[in-house]
Amino acid sequence: MAAIYIDGKAYEVTPGKNLLETCLTLGFNLPYFCWHPAMGSVGACRQCAIKLFKDEQDTNGRLVMSCMESVRDNMYLSVNDPIAKAFRSQVIEWLMTNHPHDCAVCDEGGSCHLQDMTVMTGHTYRRFQYKKRTYKNQYLGPFINHEMNRCIQCYRCVRFYKDYAGGKDLDVFAAHDHVYFGRAQDGILENEFSGNLAEVCPTGVFTDKTLKEHYTRKWDMTMAPSICQHCSLGCNIIAGERYGELRQITNRFNGEVNGYFICDRGRFGYEFVNSINRIQQPLIRSKIPDATDKQSLYNHLTETLSNNKVIGIGSPRASLESNFALMQLVGKENFYQGISENEAQLMRTVLSTVNSGHIHTPTLKETESADAVLILGEDLTNSAPRLALALRQAVQKKPFENAQQINIPSWHDAALREFAQQEKGALFIAYPTQTKLDEIASDSRYISPDDIARLGFAIANYLNNTAPALGDMDDDTLTLARHIADILKKAERPLIICGTSLCSEAILKAASNIAFALGTEDKKASLCFVVPECNSMGLAMMQAPSLNRAAEVLKKGEADTVIIVENDLYRRGAKKDIDSFFNHCKQLIVLDHLHNDTTNQANVLIPVGTFAEADGTIVNNEGRAQCFFQVFMPKNENLRESWRWLDEFRQFKNGVSREDLTTPDDLMAEMVELMPQFKGAETVAPPADFRIAGQKIPREPHRYSGRTAMLANINVSEPKPPEDPDSALSYTMEGYKGMPPAPLIPFYWAPGWNSVQSLNKYQAEVGGPLHGGDPGKRLFPENAVTENAFLNNISPAFKPSPGEWLLVPLPHIFGSEELSIYTPGIAQRSPRPYIAINKHDAANLNISENDIMQMQIKDQYYYDLPAKINDELPNGLAGIPFNIPGLGGIDWPATGILTKAAI
Amino acid sequence: MISILRTIGLTFLHMFRKRETIQYPEEKVVLHPRWRGRIVLTRDPDMGERCVGCYLCAAACPVDCISLQATEDENGRRYPEFFRINFSRCIFCGYCEEACPTYAIQLIPDFEMAEYDRQNLVYEKEDLLINSEGKYPGYNYYKVAGLAAGIKAKGEGDNEEPPVDIHSLLP
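Protein sequences appear in the order of chains A and B. The working numbering puts the first residue of the first sequence at 2, with every later residue one more than the last. The working numbering puts the first residue of the second sequence at 1457, with every later residue one more than the last.
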């Protein structure tokens, strides 16, 4: 610890940090623009000036930029020195000479860092009499709005977009006071993390275009801590609502998971909540009219549930509570995972590996500091985007660490990049086709899933010769395997990443073997699994049989009524199989929030709340249980959590009386009791009766407006605000105003800090964990629980078979996910259906780009798809975009026959 | 005793003073231009809606009786999709007028708003919008804001340079 003296007062601080973050950690309100806790300092904006003194006697001192000064022992400085204060306010005044008079029509207003800093420095009156500079704007695509006049040239946008996220198409142009931040020409921002520009930009140059469609100020939103539902990483988000409509998603800091950034699918994929395709009323399709009320629904269900043999189908996109409530309703032996047998088998392999205790499951934060990475069979930018962003930091870790040898501090961004130049840490990728991460990879191989697994087994065997060996290995692969193995062995923090997206169990086992072989007694190797959906891990931990087993039970007539929770089965298997599944059930009860092919088959359809209208717990890919909280109480009282409906249905079936129905806390307690593997999940968030100073945590900021007018058109007498019996949050602006516990932070605000930058007040140390620790509870055992045993699943090397192609599912960040596709911008960015084949295969079939090809999957449907010629894809493989609209209903893994379509 | 007689005397003398009570409604009250009464939404000199839906009036309102939703036309000009004031809650403090950056919302010298039914005191945009510039004639927010929203192109507003040519490196 170092002792520093600020304005004559002594503080104990961590050495090595810069003075700006230290002052912010200590609670000083020091203005800044260009520094960002995740991106370090460049000293560009000259805003964070403070006075630094030579020693105790020095009274003159000198102005320094606090972000460019390392903390040393015995430093004397002054934040409130009149000269430093005057300097800071002059800098703001300069910036404001060209800043337009736009706040009223600017989407940043009310959560604007520039506004906050201007007020903080005391600049209130414009003295500059001359004209303001103007710029023309650009069209930047469906997500980001551009208003260049507002720019204050802090360079944060290009530093984030180019240096941090690896984007290519945003840059700085022109010179002197004409610098321009934009693209070379109008067009869609290509990077998958462009949405973060809206948060990174301290003013309103880059703003959220989807918010603009239904614009609401930050202070007017009802917000709640939530978890992103669009991939398995479980990024923390804040969701905001106004007038019964979800309006905005922003990042919620979790130091161990997403940190400061989320991907565009997570940020903009929320509009399904407001979709006109939502199910609004319970439907009983045998009655006329089919829309019904709660009472007749109950009467109908009493009959159906008590007289029939009922099975339940869970879902990897429903919360633990919903899946468990279904399990309780139908009984453990009648509960099935709503995923195909193949996927269930993959998840079992993943679980047995993580539960063995011989590997370390890294947090997302930990993956950022890996020094050698091996990716086996995942296109991370498309299947787990935030992890790809983390890896972009990981490859810079090693060069940046080397910079410490010449005493460049870790926060000194410009110097570090100058030092590192193009040097990158080790990253190896094996995937059937090119991925976006190839550009930062040391080596990437385009090989078939079987060959990826074989490469993995070869690496494991080289690391530890007791691991199963390949009989026939060509020299090329062997050399590569040895090279990768050597680098992994040498690395201090090696990381293996694999996942389920190629539907290959062999890859998972090969990756596990590498991790087993790398790990030692005291240091386990990190192995990160990417799984298909937001609660895939939680569902797998419930250890229920798969959908295929449920189909068998139906076929045998052992059950005739099926309850499906939040699951579109047509995305889970071949259309033919799912059709026959539905034909075998007498009564189909579906609970979901959007109409889809499965809900069309339902005899009884029950509307449920989305993540914004429900409380729940989900488990992410690292086994971290995290809670999302209801954002608002929907006007439509039919929209209730699945678990609340299912829990109520118990009274029609198992003789449970109404009084015994549960709150989510009870439900979780019951679940942990029945399934001890979830132990800890009940402690993720404070219980519903948690109070601070006798008060709940308000979901609305203290300046929430329009309470006595927003519903006055319906009735001038205001209704009582809705109550929330399920959590410690309230739906009002009244409540505890101080620091909420980390899992319950509904929004970031601190006096004088209205923008997201107020986050630094919520952290124990700037850039570090939140007060009281980062939220979420990891459920996997840390200690070894089984014998370390290598897995064997070596398949022969892949050989293209004539006339038949192995189809590989290619995930797409925009399009492959079921719910986010309802956002028009995401649908716009989603690829049209295509089939990717190698140029040799294309030549053999006499196919050129965009020719229509016919694909027939064994005794399934025909698909006519335009061809995309791909140089990297190995011969005998064909890539199909995974589950994009129009290409569902394929049972993966699949093989197909390709022919040129007759026109 | 003396004080009682003095009071009676003073009261008696008041009978010869000028009357303060007026015979409302036959006789109208004289209201000064800055009198804070009924709230209206005014228009630009070009008769476009002045309100840009910035929500500042709603935020300033101490009784939270203003609610609105901003939306945009095809030129990017902001206007309120709906604008509602619940006058049964309004305390006519004038904070909304003070907060308004575009002079759109103004309090005018009119208080004759009594209703038998409280529901009728909920005013929508159609009830609030008048065909006048109100107290601040000639002001058009979009002329002084940097944004191009169909009123003027970039760089044509008051006190604005023409847009920067980013291909030029000349000083």
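Using N, Cα and C, we set each Cβ at its ideal position, and we do this for glycine too. Since the structure is predicted, the reported quantities are computational estimates derived from the model, not experimental observations.
Just list the residues that DSSP pairs residue i with in beta bridges.
| i | result |
| --- | --- |
| E1505 of chain B | B:R1499 |
| C628 of chain A | A:T618 |
| Y12 of chain A | A:I5 |
| F54 of chain A | A:Y77 |
| T562 of chain A | A:V311, A:Q588 |
| R1 of chain A | No information on residue 1 of chain A is available, as it lies outside the stretch 2 to 904 that chain A covers here. |
| K778 of chain A | A:A626 |
| H361 of chain A | A:S527 |
| H37 of chain A | A:G41 |
Following the continuous beta strand (DSSP E) through residue i, name the residue where it begins and the one where it ends.
| i | result |
| --- | --- |
| H147 of chain A | 145 to 147 |
| D667 of chain A | Run containing D667 of chain A: none in the beta strand (DSSP E); it sits in the alpha helix (DSSP H), 665 to 675. |
| L496 of chain A | 495 to 500 |
| L899 of chain A | 895 to 901 |
| C529 of chain A | 527 to 531 |
| I250 of chain A | 246 to 252 |
| M856 of chain A | 853 to 858 |
| D221 of chain A | That residue, D221 of chain A, is in no beta strand (DSSP E); it is neither H nor E in DSSP. |
| I1541 of chain B | 1534 to 1542 |
| S1523 of chain B | 1522 to 1528 |
| P810 of chain A | 806 to 811 |
I believe residue i touches residue j by the beta-carbon criterion, under 8 angstroms. Please report the beta-carbon distance rounded to the nearest angstrom.
| i | j | result |
| --- | --- | --- |
| P810 of chain A | F883 of chain A | 4 angstroms |
| L1563 of chain B | E1571 of chain B | Not confirmed; about 19 angstroms, so no contact. |
| R279 of chain A | L592 of chain A | About 13 angstroms separates the two Cβ atoms, so there is no contact after all. |
| H177 of chain A | S756 of chain A | Not confirmed; about 28 angstroms, so no contact. |
When you compare only the Cα positions, how much space is there between residue i and residue j?
| i | j | result |
| --- | --- | --- |
| P290 of chain A | E246 of chain A | 28 angstroms |
| L302 of chain A | V632 of chain A | 29 angstroms |
| P101 of chain A | N150 of chain A | 7 angstroms |
| L807 of chain A | E419 of chain A | 45 angstroms |
| E724 of chain A | S731 of chain A | 7 angstroms |
| H772 of chain A | C1507 of chain B | 42 angstroms |
| G44 of chain A | A415 of chain A | 9 angstroms |
| F194 of chain A | N61 of chain A | 46 angstroms |
| C499 of chain A | I145 of chain A | 32 angstroms |
| I898 of chain A | Y337 of chain A | 33 angstroms |
| H703 of chain A | L21 of chain A | 29 angstroms |
| A87 of chain A | S42 of chain A | 22 angstroms |
| N789 of chain A | F517 of chain A | 7 angstroms |
| M1457 of chain B | L1466 of chain B | 14 angstroms |
| A1555 of chain B | R1492 of chain B | 15 angstroms |
| A868 of chain A | E1537 of chain B | 46 angstroms |
What residue range is occupied by the uninterrupted alpha helix (DSSP H) comprising residue i?
| i | result |
| --- | --- |
| K1599 of chain B | 1597 to 1600 |
| V351 of chain A | 342 to 357 |
| M538 of chain A | 537 to 542 |
| D170 of chain A | Run containing D170 of chain A: none; DSSP gives neither H nor E here. |
| G826 of chain A | 825 to 830 |
| N845 of chain A | 840 to 846 |
| E1553 of chain B | 1551 to 1555 |
| Q602 of chain A | 598 to 602 |
| F961 of chain A | Outside the displayed range of chain A (2 to 904) lies residue 961 of chain A, so it cannot be described from this structure. |
Beta carbon of residue i: closer than 7 angstroms to some heavy atom of the ligand GTP?
| i | result |
| --- | --- |
| F54 of chain A | Judged by which ligands are present, the structure shown has none, so any question about the ligand GTP falls away. |
*asked:* At a CB distance below 9 angstroms, what residues from the segment 1502 to 1526 of chain B approach chain A? Give them in sequence order.
replied: Here the close residues are V1508, G1509, C1510, Y1511, L1512, C1513, A1514, A1515, A1516, C1517, V1519, D1520, C1521, I1522, S1523, L1524, Q1525, A1526.
_By the 9 angstroms beta-carbon criterion, what residues does the segment 120 to 148 of chain A contribute toward chain B?_
Sequence-ordered contacts of the segment 120 to 148 of chain A with chain B read Q130, Y131, K132, K133, R134, T135, Y136, K137, N138, E148 [C-beta pairs closer than 9 angstroms].
_If the cut-off is 8 angstroms on Cβ atoms, which residues from the segment 1567 to 1583 of chain B count as contacting chain A, listed in chain order?_
Of all residues in the segment 1567 to 1583 of chain B, R1574, Q1575, L1577, V1578, E1580 have a Cβ within less than 8 angstroms of some Cβ in chain A.
_Along the segment 1545 to 1566 of chain B, where does the CB come closer than 8 angstroms to a CB of chain A? Name the residues._
Those would be R1545, P1557, T1558, in chain order.
*Could you list the residues in the segment 704 to 730 of chain A with a C-beta less than 7 angstroms from some C-beta on chain B, going in chain order?*
When CB distances to chain B are screened at a threshold of 7 angstroms, the residues of the segment 704 to 730 of chain A falling below it are R704, S706, G707, R708, T709, A710, M711, A713, N714, V717, in chain order.
_Counting only Cβ-Cβ distances shorter than 9 angstroms, please list the residues of the segment 1477 to 1505 of chain B near chain A, keeping chain order._
Of all residues in the segment 1477 to 1505 of chain B, none has a C-beta nearer than 9 angstroms to a C-beta of chain A.
*What are the residues of the segment 217 to 232 of chain A that lie near chain B, defined by any Cβ-Cβ distance shorter than 7 angstroms?*
So the close ones are R218, W220, D221.
*In chain order, what residues of the segment 145 to 172 of chain A put their CB closer than 8 angstroms to some CB of chain B?*
Flagged, chain order: E148, N150, R151.
*Interface positions of the segment 104 to 115 of chain A facing chain B (Cβ-Cβ less than 9 angstroms), listed along the chain*: So the list reads C104, A105, V106, C107, G110, G111, given in the order they occur along the chain.
*Could you name the residues of the segment 174 to 199 of chain A whose beta carbon sits closer than 7 angstroms to any beta carbon of chain B, in the order they occur along the chain?*
Flagged, chain order: F174, A175, A176, H177, H179, Y181.
_Closer than 9 angstroms between beta carbons: that is the criterion. Which residues of the segment 235 to 267 of chain A meet it against chain B?_
Of all residues in the segment 235 to 267 of chain A, R243, Y244 have a Cβ within less than 9 angstroms of some Cβ in chain B.
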